[in-house]
């Protein structure tokens with residue numbers, strides 16, 4: 001009901017005389033286009049039309065209509081901003097002022113009651129605060145008996161040396177280039 005009253009009062013306000021008749025006609029056409037779209041439930045179109053009418057005419061009453069559309073779209077912060085702009089521009093005795101003040105208070109209550117949607121920065125901070133850093137991976141203790149590895153490596157080398165000497169062909173054996181395991185020392 002309140003939206004209809006504001007819409008009617010804003011409609012009447014658009015009929016008032018303005019300084020520039022050509023911009024007034026364009027703004028009036030945009031206003032009525034927005035009014036038709038609003039009544040048809042096409043709030044995005046109404047928002048575009050009324051925003052264009054406000055840019056053309058700078059009539060403060062259009063700020064109330066733009067705020068209403070933002071409210072219908074669930075954009076409470078934007079609606080509040082439009083209402084506050086209206087209150088800043090409207091004289092103290094403006095007929096719409098008490099209703100707009102009530103609307104701002106209603107939006108403030110709704111914004112306070114709404115669950116807080118975290119921004120990416122606050123969400124990341126919450127994750128960091130909630131999840132402690134992972135525990136460090138324990139380092140493997142160094143082998144205490146390294147001499148075992150050194151002894152095993154030495155035994156392998158000694159065995160390899162014995163095999164090379166034992167299997168080394170003597171001078172009387174002729175190696176052809178097609179034999180495996182035969183090294184020609186010439």
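Numbering (our numbering), first residue to last: 1 to 186. The beta-carbon is built from N, C-alpha and C at its ideal position, and this holds for glycine as well. What you are looking at is a predicted structure, and each value in this text was computed from that prediction instead of being measured.
Residue 23 versus residue 116 - alpha carbon distance: If I take the Cα positions, the gap works out to 42 Å.
Should residue 137 go down as buried or exposed, given a rule of 16 or more other Cβ atoms within 10 Å for buried? Classification of residue 137: exposed, given that the 10 Å Cβ count is below 16.
Would you identify the three-state DSSP class for residue 66, choosing helix, strand or coil? Correct three-state label for residue 66: helix.
Just confirm the distance between the C-beta atoms of residue 64 and residue 46, as a whole number of angstroms; I'd bet it's less than 8 Å. The beta-carbon separation of residue 64 and residue 46, rounded to 13 Å, does not stay under the 8 Å limit for a contact.
Straight-line gap, residue 51 to residue 43 (C-alpha atoms, nearest Å): So the alpha carbons of these two residues sit roughly 12 Å apart.
By the three-class DSSP mapping on this structure, what secondary structure does residue 188 have? Missing from the structure shown is residue 188; the chain here goes from 1 to 186 and no further.
By the DSSP assignment, the alpha helix (DSSP H) with residue 73 in it spans what residues? Following the DSSP letters along the chain, one finds residue 73 in no alpha helix (DSSP H), marked with neither H nor E.
From 95, 164, 76 and 112, pick the residue whose C-alpha is nearest to that of residue 60; which is it? Of all alpha-carbon atoms in 95, 164, 76 and 112, the one lying nearest the alpha-carbon of residue 60 is that of 95.
To the nearest angstrom, how far is the alpha carbon of residue 89 from that of residue 25? Whole-angstrom Cα-Cα distance: 22 Å.
Hey, out of 41, 57 and 40, whose CA is closest to residue 190's CA? Since the displayed the chain opens at 1 and closes at 186, residue 190 lies outside it and no answer follows.
The segment 145 to 163 touching the segment 99 to 115, judged by at least three CB pairs closer than 8 Å: No, the segment 145 to 163 does not touch the segment 99 to 115.
Considering only the beta carbon of each residue, do residue 33 and residue 49 sit closer than 9 Å? One thing to note: residue 33 has its Cβ within 9 Å of the Cβ of residue 49.
Does residue 77 get closer than 9 Å to chain C when you measure Cβ to Cβ? Absent here is chain C; the protein component of the structure consists of one chain.
If you compare alpha carbons, which of 86, 110, 157 and 167 is closest to residue 101? The shortest C-alpha separation from residue 101 is found at 86.
Straight-line CA distance for residue 54 to residue 66? Near 9 Å, if we compare the C-alpha coordinates of residue 66 and residue 54.
Proximal residues to residue 80 (C-beta, below 8 Å), its chain only, five neighbours per side dropped: Same-chain partners within the cutoff: 67, 104, 107, 108 and 111.
Element boundaries [alpha helix (DSSP H), containing residue 55]: Membership of residue 55 in the alpha helix (DSSP H) is indicated by the continuous run 43 to 57.
Report the rounded CA-to-CA distance for residue 91 versus residue 83, giving the unit in angstroms. The straight-line gap from Cα to Cα measures roughly 14 Å.
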